[in-house]
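Numbering (mature numbering (1 follows the signal peptide of the UniProt record, and there is no 0)), first residue to last: -26 to -1, 1 to 357. All C-beta atoms, glycine included, are put in the ideal place defined by N, C-alpha and C. Just so we're clear, the structure is a prediction, and the values are computed from it rather than from any experiment.
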Amino acid sequence: MTVFLPRTAVLTGVLAVAALSLSACDAESDASGTSGGRSAANATTADDLGGIGALTKAAKKEGTLHAIALPRDWANYGALIDGFKKKYGIKVEVENPKGASQDEISAVTSRQGQDNAPDVLDLGSSFAQSAAQDGLLAPYMVTGFAHIPDVQRDSIGRWANDYGGYISFGCDAKRVHTCPTSFKDLLRPQYKGKVALNGVPTKSGSAFGAVYAAALANGGSFDDIQPGIDFFGRLKRSGNYTPVQSTAATIAKGQTPISIDWDYLNAGYTDEFKSKGLDWTVTVPSDGKFSQYYSQAINKDAPHPAAARLWQEYLYSPEGQNLRLKGYARPALMTAMKKAGTLNKTAAAKLPKVSGTPSFPTETQQSNAKLLITQSWGDAASG
């Protein structure tokens, strides 16, 4: 189970109060997303707009949230979208639900100032950090922002980790007689044409994480991802790696019987496939334990700035974080919620078991790794 850095602040009751405050009414707002002359587009906290109540009113008057690349079966986004709609009566539009992190960034840069630009982004952490460096994100600190571990948030709130997990192997036990438990296992000849990623690491956060995990399993480090790139080159040359992108559909068809993906996605498939007679097992590889989180961010030019900020408040509320848990994702506020007594213990007990405490690459390490993958992945994948 993921353990976060301890904090000295008194947490008891803080998150519970935050959840209750989401329904409070503090001030009046007009249809342009302002309250008392204050603009939602410039608000760095709910207090800047007059409180959660004022933010809620402004968001309801906007009436719409435009999101991108949020699959309903990814980290329980279906329940989160439905919960937000029900709670606030705000329409949620999701464009390109199967898109990757780079697709989100491309949509922001290509539609700057346009009404159809994304309001909010869900990005792999390396992509969130580069988007912040490129000046694409609006600073905003949700209620309880201070209780997100320091290493998992931008100091001025341009991005913050929301949920995450470990790179894992999902395996169709009926098609694969002995499922792999390590990256070393993946090179065995019985896995020919069976090993897949969820996308490519130049665009997909989960595939990027898989390469990092492979690097750690093969003598690499956060400073040296090259062994992971080399490993997938060997896997491709052996014939074991398939370029078919792993999805629920390709798994059901038997096209990707071994999927390297986040543990919360693979664990979700276990539930989904059980009724279809497919025995999908999940293992965190023994030689490449890599944990990473996905970050939330707001487009600095969001067409619906109040709705974008209210969406962030909902995701980081106890309600939103516990919905993540029900989707097998590990919420960023998990430790704080334990202390506050707001954590769903039943859902937490169902998380895939992992020993040890994870560590995370720094912003510089991820940026360097991303650059190297961009330069080298094409040759490795075609090897």
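- Query: Do three or more CB pairs link the stretch 206 to 224 to the stretch 105 to 120 at distances below 8 Å?
  - Reply: At 8 Å Cβ cutoff, the stretches do not touch.
- Item | Inter-residue spacing [alpha-carbon to alpha-carbon] between A102 and W133 | Roughly 7 Å between the two C-alpha positions.
- Over the uninterrupted alpha helix (DSSP H) stretch that includes S180, give me the two end residues. Counting along the chain, the alpha helix (DSSP H) containing S180 begins and ends at 179 to 191.
- Item | 8 Å Cβ shell around D198 - same chain, five flanking residues per side excluded | So the qualifying residues of the chain are A189.
- By how many angstroms is the C-alpha of Y238 removed from the C-alpha of A43? As the crow flies, the alpha-carbon of A43 is around 17 Å from that of Y238.
- Task: Indicate the three-state DSSP secondary structure (helix, strand or coil) for N273 in the structure shown.
- Result: Strand, per DSSP.
- Message: Going by the DSSP bridge assignment, what does S260 pair with across the sheet?
- Response: DSSP output for S260 lists no bridge partner at all.
- Close beta carbons around T244, own chain, < 7 Å, minus the five adjacent residues each side: Closer than 7 Å at the Cβ level, and outside the excluded window around T244, lie W254, V256.
- Message: Check this for me: beta carbons of F157 and D235, under 7 Å apart or not?
- Response: Note that the C-beta distance between F157 and D235 is not below 7 Å.
- Query: In three-state DSSP terms, what is Q266?
  - Reply: DSSP places Q266 in strand when its eight states are reduced to three.
- Item | Counted within 10 angstroms of its Cβ, other Cβ atoms place L29 as buried (16 or more) or exposed | Residue environment for L29: buried (at least 16 other C-beta atoms within 10 angstroms of its C-beta).
- Message: Just to confirm, is the Cβ distance from Y137 to Y268 under 7 Å?
- Response: Yes. Within cutoff.
- Query: Going along the chain, which residues of its own chain have a beta-carbon closer than 7 Å to the beta-carbon of R149, five neighbours each way excluded?
  - Reply: Taking R149 as the centre and dropping the five residues before and after it, the same chain places the C-beta of G228, P231 closer than 7 Å to its C-beta, in chain order.
- Nearest-angstrom Cβ-Cβ length linking A81 and A91, presumed shorter than 8 Å: The Cβ separation is near 7 Å, so the contact holds.
- Taking all protein chains shown into account, decide if D204 is buried (16 or more other Cβ within 10 angstroms of its Cβ) or exposed. It is buried - the Cβ of D204 has at least 16 other Cβ atoms within 10 Å.
- To the nearest whole angstrom, what separates the beta carbons of K168 and T216, a pair I think is in contact under 8 Å? 7 Å between Cβ atoms; contact.
- Query: Excluding sequence positions up to five away, which residues of its chain have a Cβ less than 6 Å from the Cβ of A282?
  - Reply: Closer than 6 Å at the Cβ level, and outside the excluded window around A282, lie D93, V94, I272, A276.
- Check each candidate in H278, K319, P305, Q339 and name the one with the smallest Cα separation from A17. Taking only the C-alpha atoms, the option nearest A17 is H278.
- Query: In terms of alpha-carbon separation, which member of G207, G179, D128, L317 lies closest to N192?
  - Reply: Just measuring C-alpha positions, the residue of G207, G179, D128, L317 sitting nearest N192 is G207.
- Query: Can you tell me whether DSSP reads G352 as helix, strand or coil?
  - Reply: Annotated three-state conformation of G352 is helix, per DSSP.
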